[in-house]
Structure formats: structure tokens, C-alpha cells
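Reading through the C-alpha cells given below for one structure.
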Amino acid sequence: MPPELVFDASFGELFVIRVAGNVLGPTIAGTLQYAGVHLHTPLLIVLGHEGCGAVEAAIAEKFHGARHRSRIALLLADIIPALEALDPELPPTELLNAGIDANVRWTLRKITGSPEWRERGKRK
Ligand SMILES: [Zn+2]
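Take our numbering: the final residue in the sequence shown is number 1601, and no numbers are missing along the way.
Following this line, the structure appears as C-alpha cells:
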């Protein structure tokens, strides 16, 4: 579903960064900083989604030894630390839902823990 419909916004009103597994790599961090510094974006939302295949693949790698192609493995390496506190004995759907939630929180912690974010907070 287009984010503009979710947030009842017009085209051009949202600065949307879409990335598998809502991970925060260097280019995403740069894009966020651009949105904050140059576009003065007032609100940041990290939005995961039900049935996230990227989180599911990270769970498969962490708990079941699945292996993935090299670039996908790089993506999953940004998600796997988020899964640290999960109970692998949970039923699969609960484990995935907990992983999706933990992954959103992990990305938010990385953003709000960055020196750039703390500096932005001081200016207000
Ligand atoms: Zn997903």
C-alpha cells in the first residue's frame, strides 16, 4: 500500500525511504540526514510490516542455519543483531512478529543513538 494512502498525505508530502527489512545502512543514514538537514522533515517513522520476508530470512539464518546469497547476507547482517533477545522456541508466527517488532526498535535505537540525532536534539 502506498505510504501516502496510509498517512492520508498528498504526493510529495512524505519523504519515503523504502528498504528491505527497514535496515539502517550508510546510504539510508545519509538519506535520513539529508531529509532532516535540507528538507527539515519534522517527523521520522520506522515502519515494519507483518510477514516481513527480510526478518523471516534473518530468523532462518540466526536460528536455523540458513545461508543466503552474498548481498542478501549483507542485508541480513543488519537485522540479525535485532533478534538477540528473541526466544527461538516461540511458535513460528509469534517468533516472526517478535522479530519484526524487535527489528523496528533496533533501527530506531540506532537512529536515535547516533551523534547526528543527539546533535539535532540539542538545536531545538
Ligand atoms: Zn519486509
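Backbone N, C-alpha and C fix where the C-beta goes; we use that ideal spot for every residue, glycine too. These figures come from a predicted structure and were not determined experimentally.
Have a look at residue i and residue j and give me their C-alpha separation to the nearest angstrom.
i	j	result
Asn1574	Leu1516	33 Å
Leu1534	Leu1585	Leu is not the amino acid found at residue 1534; the sequence shown has Ala there. Ala1534 and Leu1585: Cα-Cα distance of roughly 20 Å.
Arg1546	Cys1529	18 Å
Phe1488	Thr1518	15 Å
Thr1570	Val1496	22 Å
Trp1583	Glu1566	21 Å
Arg1597	Glu1538	36 Å
Ala1550	Arg1595	30 Å
Ala1486	Ile1494	15 Å
Which same chain residues, not among the five before or five after residue i, have their C-beta less than 7 Å away from its C-beta?
i	result
Leu1491	Pro1480, Glu1481, Phe1484
Phe1540	Pro1565
Leu1563	Leu1572, Ala1575, Gly1576, Ala1579
Less than 8 Å separating the beta-carbons of residue i and residue j?
i	j	result
Pro1588	Leu1501	Position check: residue 1588 holds Ile in this sequence, whereas Pro was assumed. A contact, by the Cβ cut-off of 8 Å.
Gln1510	Glu1593	yes
Take residue i and list the residues in its own chain whose beta-carbon comes closer than 8 Å to its own, dropping the five residues that flank it on each side.
i	result
Gly1498	Cys1529, Ala1531, Val1532, Ala1535, Leu1552, Leu1553, Asp1555, Ile1556, Asn1580
Ile1505	Ile1494, Val1496
Beta-carbon within less than 6 Å of residue i's beta-carbon, same chain only, minus the 5 sequence neighbours each way: which residues are those?
i	result
Val1523	Asn1499, Val1581, Thr1584, Leu1585
Pocket of ligand 1 defined by Cβ to heavy atom distance under 5 Å: Cys1529, Ala1531
Could you pull out every unbroken alpha helix (DSSP H) segment of at least 4 residues lying fully inside the region 1478-1562, listed in chain order? Counting whole runs of 4 or more residues, the region 1478-1562 contains the alpha helix (DSSP H) stretches 1480-1483, 1503-1514, 1530-1541, 1547-1554.
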